[in-house]
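Residue numbers (our numbering): -15 to 271.
Worksheet for the structure shown next.
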(Lines of atoms letter the chains of each structure in order from A and count residues from 1; the text may use other names and numbers.)
(Lines give C-alpha, C1' and ligand atoms only; values in the text may rest on other atoms or scores of the structure.)
Protein backbone atom coordinates (compact mmCIF):
# COMPACT_ATOMS: atom_id res chain seq x y z
CA UNK A 1 0.00 0.00 0.00
CA UNK A 2 1.37 3.43 -0.97
CA UNK A 3 2.43 5.84 1.73
CA UNK A 4 0.10 8.84 1.99
CA UNK A 5 2.65 11.02 3.79
CA UNK A 6 6.39 11.09 4.41
CA UNK A 7 8.55 13.03 6.87
CA UNK A 8 11.66 14.44 5.21
CA UNK A 9 14.70 15.96 6.91
CA UNK A 10 17.33 17.99 5.08
CA UNK A 11 20.65 18.26 6.93
CA UNK A 12 22.62 21.49 6.45
CA UNK A 13 25.82 20.78 8.42
CA UNK A 14 28.60 23.20 9.20
CA UNK A 15 31.78 21.80 7.67
CA UNK A 16 34.49 20.94 10.17
CA UNK A 17 37.86 21.93 8.78
CA UNK A 18 40.90 19.76 9.42
CA UNK A 19 43.66 17.72 7.90
CA UNK A 20 41.38 15.07 6.42
CA UNK A 21 37.79 16.17 7.06
CA UNK A 22 36.87 12.92 8.82
CA UNK A 23 35.33 14.68 11.90
CA UNK A 24 32.45 15.52 9.55
CA UNK A 25 31.43 11.85 9.71
CA UNK A 26 30.83 11.97 13.48
CA UNK A 27 28.93 15.23 13.02
CA UNK A 28 26.77 13.64 10.32
CA UNK A 29 26.01 10.64 12.56
CA UNK A 30 24.81 13.08 15.22
CA UNK A 31 22.45 14.73 12.75
CA UNK A 32 21.12 11.33 11.65
CA UNK A 33 20.34 10.56 15.29
CA UNK A 34 18.65 13.95 15.72
CA UNK A 35 16.55 13.50 12.56
CA UNK A 36 15.50 10.02 13.67
CA UNK A 37 14.48 11.28 17.11
CA UNK A 38 12.38 13.97 15.43
CA UNK A 39 10.44 11.32 13.50
CA UNK A 40 12.01 11.71 10.06
CA UNK A 41 11.73 8.86 7.56
CA UNK A 42 14.76 10.07 5.61
CA UNK A 43 17.59 12.55 6.12
CA UNK A 44 19.53 13.96 3.16
CA UNK A 45 23.01 15.50 3.44
CA UNK A 46 24.52 18.06 1.03
CA UNK A 47 26.76 17.36 -1.92
CA UNK A 48 30.11 15.79 -0.89
CA UNK A 49 28.90 15.53 2.70
CA UNK A 50 30.28 14.10 4.86
CA UNK A 51 32.77 13.59 2.05
CA UNK A 52 35.62 13.46 1.36
CA UNK A 53 35.54 16.56 -0.85
CA UNK A 54 39.18 16.68 -1.94
CA UNK A 55 40.70 13.42 -3.14
CA UNK A 56 44.20 14.88 -2.70
CA UNK A 57 43.71 14.77 1.09
CA UNK A 58 43.96 11.58 3.17
CA UNK A 59 40.86 9.53 2.42
CA UNK A 60 38.21 8.25 4.79
CA UNK A 61 35.08 6.16 4.31
CA UNK A 62 31.85 7.53 5.82
CA UNK A 63 29.81 4.59 4.53
CA UNK A 64 30.06 2.15 7.47
CA UNK A 65 29.28 4.79 10.12
CA UNK A 66 26.28 6.16 8.23
CA UNK A 67 24.96 2.66 7.48
CA UNK A 68 25.16 1.84 11.19
CA UNK A 69 23.43 5.12 12.10
CA UNK A 70 20.65 4.43 9.58
CA UNK A 71 20.06 0.97 11.04
CA UNK A 72 20.20 2.18 14.64
CA UNK A 73 17.77 5.01 13.95
CA UNK A 74 15.47 3.12 11.56
CA UNK A 75 15.91 5.94 9.05
CA UNK A 76 17.02 6.28 5.42
CA UNK A 77 20.18 8.33 4.84
CA UNK A 78 21.39 10.08 1.68
CA UNK A 79 25.02 11.20 1.58
CA UNK A 80 27.75 11.77 -1.00
CA UNK A 81 31.46 12.08 -1.68
CA UNK A 82 33.97 12.57 -4.46
CA UNK A 83 35.47 9.24 -5.42
CA UNK A 84 37.58 7.60 -8.09
CA UNK A 85 35.25 5.23 -9.94
CA UNK A 86 36.03 1.85 -11.49
CA UNK A 87 36.99 3.46 -14.81
CA UNK A 88 39.60 5.60 -13.03
CA UNK A 89 37.64 8.83 -13.39
CA UNK A 90 36.64 11.11 -10.52
CA UNK A 91 32.90 11.63 -9.96
CA UNK A 92 30.55 13.03 -7.36
CA UNK A 93 28.68 9.96 -6.11
CA UNK A 94 25.47 10.00 -4.04
CA UNK A 95 24.59 7.01 -1.87
CA UNK A 96 21.07 6.20 -0.68
CA UNK A 97 21.19 3.99 2.41
CA UNK A 98 18.08 2.14 3.57
CA UNK A 99 16.77 1.66 7.09
CA UNK A 100 18.60 -1.66 7.32
CA UNK A 101 21.94 -0.11 6.36
CA UNK A 102 21.95 -1.49 2.81
CA UNK A 103 22.74 0.62 -0.26
CA UNK A 104 19.58 1.32 -2.27
CA UNK A 105 21.19 3.53 -4.93
CA UNK A 106 24.60 4.69 -6.07
CA UNK A 107 24.15 7.74 -8.30
CA UNK A 108 27.01 9.30 -10.27
CA UNK A 109 26.20 12.93 -10.97
CA UNK A 110 25.31 13.22 -14.66
CA UNK A 111 25.79 16.98 -15.08
CA UNK A 112 28.86 18.21 -13.15
CA UNK A 113 29.25 21.93 -12.53
CA UNK A 114 30.38 23.83 -15.61
CA UNK A 115 33.30 25.47 -13.80
CA UNK A 116 36.45 25.91 -15.93
CA UNK A 117 39.02 23.22 -15.17
CA UNK A 118 41.67 25.84 -14.34
CA UNK A 119 39.45 27.10 -11.48
CA UNK A 120 39.24 23.64 -9.91
CA UNK A 121 42.97 22.97 -9.84
CA UNK A 122 42.52 20.39 -12.57
CA UNK A 123 40.20 18.28 -10.42
CA UNK A 124 37.65 17.88 -13.19
CA UNK A 125 34.68 15.75 -12.12
CA UNK A 126 33.50 13.43 -14.87
CA UNK A 127 29.86 12.94 -15.85
CA UNK A 128 27.83 9.86 -14.97
CA UNK A 129 25.55 8.17 -17.48
CA UNK A 130 22.35 7.21 -15.60
CA UNK A 131 19.69 9.29 -13.85
CA UNK A 132 19.02 8.90 -10.14
CA UNK A 133 15.63 7.26 -9.59
CA UNK A 134 15.07 5.06 -6.55
CA UNK A 135 12.16 3.70 -4.51
CA UNK A 136 12.44 4.28 -0.75
CA UNK A 137 9.82 2.90 1.63
CA UNK A 138 7.60 2.35 -1.41
CA UNK A 139 7.85 6.04 -2.40
CA UNK A 140 9.46 7.00 -5.76
CA UNK A 141 12.36 9.45 -5.32
CA UNK A 142 14.75 11.21 -7.67
CA UNK A 143 18.25 12.60 -7.00
CA UNK A 144 19.21 15.88 -8.72
CA UNK A 145 22.54 17.28 -7.51
CA UNK A 146 23.34 20.97 -7.04
CA UNK A 147 23.42 22.83 -10.38
CA UNK A 148 21.74 19.89 -12.12
CA UNK A 149 18.57 21.51 -10.82
CA UNK A 150 19.28 24.46 -13.16
CA UNK A 151 19.02 22.06 -16.12
CA UNK A 152 15.25 21.48 -16.11
CA UNK A 153 15.43 18.33 -18.21
CA UNK A 154 17.09 16.43 -15.35
CA UNK A 155 14.27 17.02 -12.83
CA UNK A 156 11.66 16.51 -15.54
CA UNK A 157 13.06 13.10 -16.50
CA UNK A 158 13.19 11.75 -12.95
CA UNK A 159 9.63 13.07 -12.45
CA UNK A 160 8.43 11.40 -15.66
CA UNK A 161 9.97 8.21 -14.32
CA UNK A 162 7.72 8.51 -11.31
CA UNK A 163 9.58 10.55 -8.69
CA UNK A 164 7.15 12.18 -6.25
CA UNK A 165 10.02 13.60 -4.19
CA UNK A 166 13.26 15.03 -5.58
CA UNK A 167 16.28 15.40 -3.31
CA UNK A 168 18.75 18.10 -4.28
CA UNK A 169 21.99 17.87 -2.28
CA UNK A 170 24.07 20.92 -3.21
CA UNK A 171 27.57 22.03 -2.33
CA UNK A 172 26.86 25.51 -1.05
CA UNK A 173 28.74 28.79 -1.16
CA UNK A 174 25.93 30.23 -3.27
CA UNK A 175 26.42 33.82 -1.96
CA UNK A 176 24.58 36.12 -4.39
CA UNK A 177 22.84 33.16 -6.07
CA UNK A 178 21.07 31.95 -2.91
CA UNK A 179 17.66 33.51 -3.58
CA UNK A 180 17.54 32.36 -7.20
CA UNK A 181 18.80 28.91 -6.18
CA UNK A 182 15.78 28.56 -3.91
CA UNK A 183 13.47 29.92 -6.61
CA UNK A 184 14.80 27.37 -9.12
CA UNK A 185 14.06 24.55 -6.67
CA UNK A 186 10.57 25.90 -6.08
CA UNK A 187 10.03 26.11 -9.85
CA UNK A 188 11.09 22.48 -10.32
CA UNK A 189 8.58 21.42 -7.65
CA UNK A 190 5.78 23.45 -9.25
CA UNK A 191 6.35 22.39 -12.85
CA UNK A 192 6.89 18.71 -12.00
CA UNK A 193 4.12 18.53 -9.37
CA UNK A 194 6.42 17.04 -6.75
CA UNK A 195 8.22 17.85 -3.52
CA UNK A 196 11.82 19.07 -3.58
CA UNK A 197 14.29 19.03 -0.71
CA UNK A 198 17.32 21.30 -1.13
CA UNK A 199 20.31 21.44 1.17
CA UNK A 200 23.89 22.71 1.20
CA UNK A 201 26.98 22.83 3.39
CA UNK A 202 27.56 25.72 5.78
CA UNK A 203 31.18 26.86 5.65
CA UNK A 204 30.77 29.45 8.40
CA UNK A 205 27.85 31.25 9.99
CA UNK A 206 26.23 32.19 6.69
CA UNK A 207 22.53 31.96 5.96
CA UNK A 208 21.94 28.59 4.31
CA UNK A 209 19.65 27.80 1.39
CA UNK A 210 18.22 24.52 2.74
CA UNK A 211 14.49 24.23 2.23
CA UNK A 212 11.63 21.82 1.59
CA UNK A 213 9.09 22.94 -0.97
CA UNK A 214 6.03 21.50 -2.65
CA UNK A 215 4.05 21.82 -5.86
CA UNK A 216 1.77 24.48 -4.37
CA UNK A 217 3.84 26.24 -1.69
CA UNK A 218 7.08 26.04 0.34
CA UNK A 219 6.92 23.99 3.53
CA UNK A 220 10.04 24.94 5.48
CA UNK A 221 13.27 26.95 5.33
CA UNK A 222 16.33 26.12 7.46
CA UNK A 223 18.00 29.53 7.65
CA UNK A 224 21.11 28.93 9.77
CA UNK A 225 19.81 25.73 11.36
CA UNK A 226 21.56 22.47 10.56
CA UNK A 227 18.35 20.47 10.23
CA UNK A 228 14.94 21.22 8.73
CA UNK A 229 11.96 18.82 8.65
CA UNK A 230 8.57 18.73 6.98
CA UNK A 231 5.87 16.14 6.43
CA UNK A 232 4.96 15.71 2.77
CA UNK A 233 1.38 15.07 1.64
CA UNK A 234 2.01 12.47 -1.07
CA UNK A 235 -1.70 12.03 -1.75
CA UNK A 236 -1.79 15.69 -2.77
CA UNK A 237 0.96 15.16 -5.36
CA UNK A 238 -0.96 12.20 -6.78
CA UNK A 239 -4.18 14.21 -6.93
CA UNK A 240 -2.46 17.07 -8.77
CA UNK A 241 -0.90 14.66 -11.27
CA UNK A 242 -4.15 12.80 -11.88
CA UNK A 243 -6.40 15.85 -12.49
CA UNK A 244 -6.57 18.50 -15.20
CA UNK A 245 -6.83 22.28 -15.17
CA UNK A 246 -10.23 23.89 -14.74
CA UNK A 247 -11.82 27.34 -14.89
CA UNK A 248 -14.27 26.43 -12.12
CA UNK A 249 -14.24 28.54 -8.98
CA UNK A 250 -13.25 28.24 -6.26
CA UNK A 251 -10.17 26.50 -7.57
CA UNK A 252 -9.17 23.26 -5.90
CA UNK A 253 -5.47 23.82 -6.57
CA UNK A 254 -2.72 26.44 -6.28
CA UNK A 255 -0.63 25.04 -9.15
CA UNK A 256 -1.75 23.91 -12.59
CA UNK A 257 -2.54 20.18 -12.29
CA UNK A 258 -1.86 17.49 -14.88
CA UNK A 259 1.34 19.11 -16.16
CA UNK A 260 3.26 15.87 -16.68
CA UNK A 261 0.52 14.69 -19.05
CA UNK A 262 0.06 18.07 -20.78
CA UNK A 263 3.12 17.57 -22.95
CA UNK A 264 3.75 17.07 -26.70
CA UNK A 265 7.01 15.09 -26.87
CA UNK A 266 6.75 14.81 -30.66
CA UNK A 267 7.54 18.55 -30.83
CA UNK A 268 10.60 18.49 -28.55
CA UNK A 269 13.26 17.33 -30.99
CA UNK A 270 15.31 20.48 -30.39
CA UNK A 271 16.01 19.23 -26.86
CA UNK A 272 18.05 16.30 -28.18
CA UNK A 273 19.47 17.88 -31.35
CA UNK A 274 23.27 18.43 -31.58
CA UNK A 275 24.29 21.78 -30.09
CA UNK A 276 27.33 23.58 -31.54
CA UNK A 277 28.11 25.48 -28.33
CA UNK A 278 27.46 22.60 -25.92
CA UNK A 279 29.65 22.38 -22.82
CA UNK A 280 32.27 19.63 -23.12
CA UNK A 281 32.14 17.47 -19.97
CA UNK A 282 35.22 15.57 -21.11
CA UNK A 283 37.57 18.55 -21.26
CA UNK A 284 35.67 20.82 -18.85
CA UNK A 285 35.41 23.63 -21.37
CA UNK A 286 32.64 25.65 -22.96
CA UNK A 287 32.37 26.44 -26.64
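Every residue gets a Cβ at the ideal spot worked out from N, C-alpha and C, and that includes glycine.
As the structure is a computational prediction, the values presented were derived from the model and not from experiment.
Using 10 angstroms around the beta-carbon of residue i, count the other beta-carbons present and answer buried if the total reaches 16, otherwise exposed.
| i | result |
| --- | --- |
| residue 138 | buried |
| residue 91 | buried |
| residue 150 | buried |
| residue 148 | buried |
| residue 103 | exposed |
| residue 227 | exposed |
| residue 266 | exposed |
Could you tell me whether the Cβ atoms of residue i and residue j are closer together than 8 Å?
| i | j | result |
| --- | --- | --- |
| residue 81 | residue 51 | yes |
| residue 123 | residue 152 | no |
| residue 33 | residue 12 | yes |
| residue 112 | residue 79 | no |
| residue 203 | residue 196 | yes |
| residue 39 | residue 210 | no |
| residue 270 | residue 263 | yes |
| residue 182 | residue 194 | yes |
| residue 206 | residue 192 | yes |
| residue 44 | residue 10 | no |
Name the two residues that bound the continuous alpha helix (DSSP H) containing residue i.
| i | result |
| --- | --- |
| residue 136 | 136 to 144 |
| residue 64 | No alpha helix (DSSP H) contains residue 64, which is instead part of the beta strand (DSSP E) from 60 to 68. |
| residue 47 | 47 to 57 |
| residue 257 | That residue, residue 257, is in no alpha helix (DSSP H); it is neither H nor E in DSSP. |
| residue 117 | Not the alpha helix (DSSP H): residue 117 falls in the beta strand (DSSP E), residues 116 to 120. |
| residue 162 | 162 to 176 |
| residue 221 | 218 to 226 |
Would you kindly report the start and end of the unbroken beta strand (DSSP E) that includes residue i?
| i | result |
| --- | --- |
| residue 124 | 123 to 127 |
| residue 15 | From DSSP, residue 15 is part of no beta strand (DSSP E) but of the alpha helix (DSSP H) over 7 to 21. |
| residue 74 | 74 to 81 |
| residue 87 | 87 to 92 |
| residue 188 | Where residue 188 is concerned, there is no enclosing beta strand (DSSP E), given that its DSSP letter is neither H nor E. |
| residue 204 | 202 to 205 |
| residue 181 | 179 to 183 |
| residue 43 | Premise fails: residue 43 is in no beta strand (DSSP E) and is neither H nor E. |
Bridge partners of residue i, per DSSP?
| i | result |
| --- | --- |
| residue 28 | -6 and 62 |
| residue 231 | Note: residue 231 sits in no beta bridge, so no partner. |
Taking only beta-carbon atoms, is residue i less than 8 Å away from chain B?
| i | result |
| --- | --- |
| residue 190 | Although the question refers to chain B, the structure presented lacks it and comprises just one protein chain. |
| Quick one: any contact between the segment 26 to 46 and the segment -7 to 5, if contact means 3 or more CB pairs under 8 Å? | yes
| field | At least three beta-carbon pairs within less than 8 Å, the segment 68 to 86 to the segment 231 to 247 | value | no
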